[in-house]
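K.L.:
Residue numbers (my numbering): 493 to 577. Shown below is the structure under consideration.
Below you can see the structure in the form of structure tokens.
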């Protein structure tokens with residue numbers, strides 16, 4: 493391969509760079525969603541939705557299950573201290 497061919501390849505590779513998505517473009521994607529066709533949603537929107545769902549499930553799990561258990565443990569520790577004294 494000659495030097496000219498290598499230079500041509502380097503120039504073509506440089507021209508293929510992707511544009512960065514702006515915040516406005518990201519939010520614009522939410523306005524064009526088809527709620528009946530989840531598969532047609534842009535990848536960035538799908539990831540954002542899954543992150544929100546994960547956070548909602550984690551928060552719900554904490555407030556419904558874990559917080560009750562922490563309160564039970566705190567009550568048991570207080571009872572233990574009162575019995576030891």
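Heads up, the beta-carbon is just placed ideally off N, CA and C, and yes, glycines get one too.
Output needed for residue 536: all residues of its chain with C-beta closer than 6 Å, excluding positions within five of it in sequence on either side, in chain order.
P.N.:
By one-based count along the chain shown, residue 536 stands at place 44. The answer is none, since no qualifying residue turns up.
K.L.:
Just how far apart, CA to CA, sit residue 573 and residue 557?
P.N.:
By 1-based counting over the chain shown, the position of residue 573 is 81. By 1-based counting over the chain shown, the position of residue 557 is 65. Their backbone Cα atoms lie some 25 Å apart in a straight line.
K.L.:
Rounded to the nearest angstrom, what separates residue 571 and residue 520 at their Cα positions?
P.N.:
Residue 571 sits at position 79 when you count from the first residue of the chain shown. Residue 520 sits at position 28 when you count from the first residue of the chain shown. So the two alpha carbons sit approximately 56 Å from each other.
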